[in-house]
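Residue numbers (UniProt numbering): 1 to 160.
Yeah, the Cβ is synthetic: ideal placement off N, Cα and C, and Gly gets one too.
So the structure is just underneath, and the comments pick up after that.
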Ligand code: FES
Ligand code: FES
């Protein structure tokens, strides 16, 4: 087995991990780095459950090889959390925007990337961005409501 050492940052911590060339970032995060908040559903880039942030952009970690993370800054859903619920976690809870929770890390990371870059995103924009994430439990209305309400914590200026 050929192993390549990959150095990158995950949730603010430098890591140096040996991976096979075929190892996905998702598998590396879960199996090697034990950050199991990143979920793996379809493994084909369809469901969005595995979404993490790479240099602030939402990325499907099942479609990225671990070796491609060399030198990058990766943030998983664990990295967004502190002692208290984050604004998105709080609004997801308030709006009952999850049931089994399998999809939730992907929605949270995707929405966080969106609102960080576009705190004034309107409902159409939020729906458009979240349309790439699948939830088979809750339905999408409470998820959109939760993201809409969380905008004020990201510096939203508009009143729409
Ligand atoms: S597991 Fe990556 S998009 Fe579904
Ligand atoms: S809450 Fe179960 S898949 Fe979304």
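Should residue i go down as buried or exposed, given a rule of 16 or more other Cβ atoms within 10 Å for buried?
{"i": "residue 14", "result": "exposed"}
{"i": "residue 131", "result": "exposed"}
{"i": "residue 60", "result": "buried"}
{"i": "residue 70", "result": "exposed"}
{"i": "residue 28", "result": "buried"}
{"i": "residue 139", "result": "exposed"}
{"i": "residue 146", "result": "buried"}
{"i": "residue 19", "result": "buried"}
{"i": "residue 22", "result": "exposed"}
Taking the alpha carbon of residue i as the point to measure from, which residue in the options has its own alpha carbon closest?
{"i": "residue 151", "options": "139, 128, 116, 137", "result": "116"}
{"i": "residue 34", "options": "11, 147, 149, 139", "result": "11"}
{"i": "residue 58", "options": "118, 137, 153, 113", "result": "113"}
{"i": "residue 76", "options": "9, 144, 158, 147", "result": "9"}
{"i": "residue 51", "options": "111, 22, 5, 6", "result": "111"}
{"i": "residue 107", "options": "48, 80, 148, 26", "result": "48"}
{"i": "residue 100", "options": "135, 88, 121, 128", "result": "135"}
{"i": "residue 158", "options": "144, 56, 123, 80", "result": "123"}
{"i": "residue 121", "options": "144, 109, 105, 22", "result": "144"}
{"i": "residue 26", "options": "105, 2, 3", "result": "105"}
{"i": "residue 88", "options": "5, 156, 149", "result": "149"}
For residue i, would you say it is in contact with chain D, using Cβ-to-Cβ distances shorter than 8 Å as the test?
{"i": "residue 130", "result": "Reference to chain D is not applicable here, since this structure consists of a single protein chain."}
If I measure Cβ to Cβ from residue i and keep anything under 7 Å in the same chain, skipping five residues before and after, which residues do I get?
{"i": "residue 78", "result": "11, 35, 37"}
{"i": "residue 154", "result": "115, 116, 119"}
Sorted by chain position, which residues of the same chain lie with C-beta nearer than 6 Å to residue i's C-beta, five sequence neighbours on each side aside?
{"i": "residue 32", "result": "17"}
{"i": "residue 54", "result": "72, 74"}
For this session: State whether the stretch 42-62 contacts the stretch 81-97, with contact taken as three or more CB pairs (one from each stretch) at a distance under 8 Å.
Result: As far as the Cβ criterion goes, the stretch 42-62 does not touch the stretch 81-97, which means the pair count is below three.
Exercise. Touching or not, the stretch 64-71 and the stretch 89-104, by the rule of three or more beta carbon pairs under 8 Å?
Worked result: Using a C-beta cut-off of 8 Å, the stretch 64-71 makes no contact with the stretch 89-104, since fewer than three inter-stretch Cβ pairs fall below that distance.
Exercise. How would the residue list near ligand 2 read, in chain order, if you kept each one whose beta-carbon is closer than 7 Å to any heavy atom?
Worked result: Listed by chain position, these are 98, 99, 100, 101, 102, 103, 104, 135, 136, 137, 138.
Exercise. Whose CB is closer than 6 Å to a heavy atom of ligand 1? List the residues in chain order.
Worked result: Look at which beta carbons fall closer than 6 Å to any heavy atom of ligand 1; those residues are 40, 41, 42, 43, 45, 46, 47, 48, 49, 50, 60, 62.
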